[in-house]
Each structure stands twice: as structure tokens, then as C-alpha cells.
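In the working numbering, the protein residues as written are 56 to 181.
In this text, a Cβ means the ideal position worked out from N, Cα and C, and glycines have one as well.
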């Protein structure tokens, strides 16, 4: 078994979103594991109702599964059970009017474009 193996269990009663680092205002991130290549990670993202992530570039592939709530981006609205693939080189902005929880995996960290409200992520996805 790898030295960095660890078990993580998040139950309905003990989600503890407030303890997770803030990626953007209202969006919290829980890194689950690093991948085999530099910059590759798997995480949970929790969006408070109304939270938004500004326009950003995907320099690598990104995959996500909506676990709870609804996530929206420039191409649509996605509910629980929806699998989304964002190919390398694509841009989008993300929001969640009612809040959501997603499982996300990326092969390279996103690159945020400057925006008027926050120019630097509070927690990087690196």
C-alpha cells in the first residue's frame, strides 16, 4: 500500500464545509489526493448558494461529477449524477444558484482570468 494512502469519509452529519479552505468566495475545496503527474488532483468542491467561479482556462483535462445540487456553466445546467468533461484548452465560468457538491479531477490546474471582484484565488488548485 502506498505511504500516502489515507481513508477519508464524509458523512451527511459531518460534512464540515466551514473547515475546508476557500477557493473563491463561497466555494470550498477539499483535496482528496494528488495524481501520478505534477498538478493532477482529485477534490471535492462545495458551492454555497449563489457562489461563482470566474472565467478560467483548462490547460489540461478536467472531469467532474455533480453529487448534490446544481452546477451551471456557459453551456448548461447540471444536476446530481451528471458527468462533465471539460477538454484541454476550453474556458468557462461556473455558478451554483442553489449550492452544490461536486467531485472533480483535473490533469493540470486551471488558470483564472482577471476579474473585477477577485484577481487572485484564495486557495490555488495546484
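Check: Residue 149 versus residue 126 - alpha carbon distance; Outcome: 7 Å
Check: Stretch pair the segment 141-155 + the segment 85-92: three plus CB contacts closer than 8 Å; Outcome: no
Check: Sheet register partners of residue 127 (DSSP bridge); Outcome: 132, 150
Check: Unbroken beta strand (DSSP E) run spanning residue 111, endpoints; Outcome: 106-112
Check: Classification of residue 73 by the beta-carbon crowding that lies within 10 angstroms, buried from 16 upward; Outcome: exposed
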